[in-house]
Amino acid sequence: MKKIQQTFTQTTLGSIIWIAILTTIFDFPEMTILKVVALGLIAGLVFGIAYPMLWQHASFKTSTKITISALINTVAGSLAVYLASPEMFHWLQPAFIGIFALTVCLHGVSLIVYTQIEKRLIK
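This note's numbering puts the first residue of the sequence shown at 185, with every later residue one more than the last.
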């Protein structure tokens with residue numbers, strides 16, 4: 185549990201810093217500090233808690249893990265887009281099913297590539 189807390193904290197703080205830097209460089213006037221922190225928390229929850237718990241501790245079948253991670257990714261990404269720009273969220277809304285399908289495919293391909301790399305490193 186301590187490792188998950190540490191991963192969450194590192195991911196959240198790193199994301200907040202990264203988003204703040206990008207916001208400053210590209211001058212997003214509508215991006216408040218509260219939105220920057222919320223976006224960092226979303227990243228921390230997904231990459232610091234949800235993914236490690238799902239891929240390292242859950243005992244689901246691989247296809248179920250891929251589907252769950254794609255669903256988490258799609259929902260978190262949609263929420264992040266809504267926080268950053270509600271206008272863009274409404275523009276992307278009709279494509280959410282396609283985005284989810286693409287996310288499932290990319291998670292599957294990523295898992296295959298990761299498995300192949302791991303096999304080569306073990307040999």
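From the three backbone atoms N, C-alpha and C, an ideal C-beta is built for every residue, glycine too.
Predicted model, so just to flag it, every value in this text is computed and none were measured.
Alpha-carbon to alpha-carbon, residue j and residue i
i      : j      : result
Lys303 : Val293 : 15 Å
Pro236 : Met215 : 29 Å
Phe280 : Leu286 : 10 Å
Thr136 : Ile233 : Within the shown structure, residues of the chain are numbered from 185 to 307, placing residue 136 beyond reach of any answer.
Lys187 : Pro213 : 36 Å
Ile250 : Ile217 : 33 Å
Ile203 : Ser269 : 14 Å
Integer Cβ distance of residue i from residue j, believed to fall under 8 Å
i      : j      : result
Ile256 : Val230 : 6 Å
Gly228 : Thr207 : Actually they do not touch by this definition, with Cβ atoms about 17 Å apart.
Leu238 : Ile226 : 16 Å between Cβ atoms; not a contact.
Nearest to residue i (by Cα), restricted to the options the options
i      : options                        : result
Tyr308 : Ile233, Thr193, Ala242, Ala222 : The requested residue 308 does not occur in the structure, where the chain is confined to residues 185 to 307.
Val220 : Thr246, Met272, Ile200, Gly232 : Ile200
Any non-hydrogen atom of the ligand GTP closer than 8 Å to residue i Cβ
i      : result
Thr287 : Inclusion of the ligand GTP in the displayed structure is not the case, the ligand content being empty and no account of it being possible.
Handout entry: Contiguous alpha helix (DSSP H) assignments of at least 4 residues, all confined to the segment 206-254
Key = Here the runs fully enclosed are 217-227.
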